[in-house]
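Worksheet: the structure to be examined is printed underneath.
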Amino acid sequence: MEIVEEKYVDWHEARKIMEKKAKESEPGYEQKNALEHLKKFSKLTDKDAKAMFGELAKMEKLKDRQIIAVMNMMPKDMDELRVLFANEIVSLTEEQKKDILSVVKKYA
136 MEIVEEKYVD WHEARKIMEK KAKESEPGYE QKNALEHLKK FSKLTDKDAK AMFGELAKME
196 KLKDRQIIAV MNMMPKDMDE LRVLFANEIV SLTEEQKKDI LSVVKKYA
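So the number in my numbering is just where the residue sits in the sequence shown, counting from 1, plus 135.
Below is the structure:
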């Protein structure tokens, strides 16, 4: 198998892709489990996912993969956000962390 393109997608987008694939052919055991997980945990609508990505993308220090991680995990407080960025090489100020949490709260 050749990798043609690689891009980060949030759980909402992944769910849409997997649902489309499931309509085209019978998914395997792992795909069924992944789709059930995505149905259970992806809470954002198309509109909210695009808007939230746009707002977080305005924060200059965040990379796409970090934005997607925030969108997938939807951290509720500063501790959850710290855990999410624990292994990242990015230094966010307390103000920037508060801004991220306010965006998350807006779409939660």
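Glycine included, every Cβ here is placed at the ideal spot set by N, Cα and C.
- Bounds of any alpha helix (DSSP H) do not take in ALA221, whose DSSP letter is neither H nor E.
- Within 10 angstroms of the beta-carbon of ARG150 lie 16 or more other beta-carbons, which makes it buried.
- Contact annotation: the segment 159-169 does not touch the segment 188-204, with fewer than three C-beta pairs closer than 8 Å.
- Between ALA221 and the set GLN201, ASP234, SER237 and LEU236, the nearest pair of CA atoms involves GLN201.
- Ranked by Cα distance from GLU230, the options TRP146, LYS182, THR180 and MET194 are led by MET194.
- DSSP, read as helix, strand or coil, puts LYS211 in coil.
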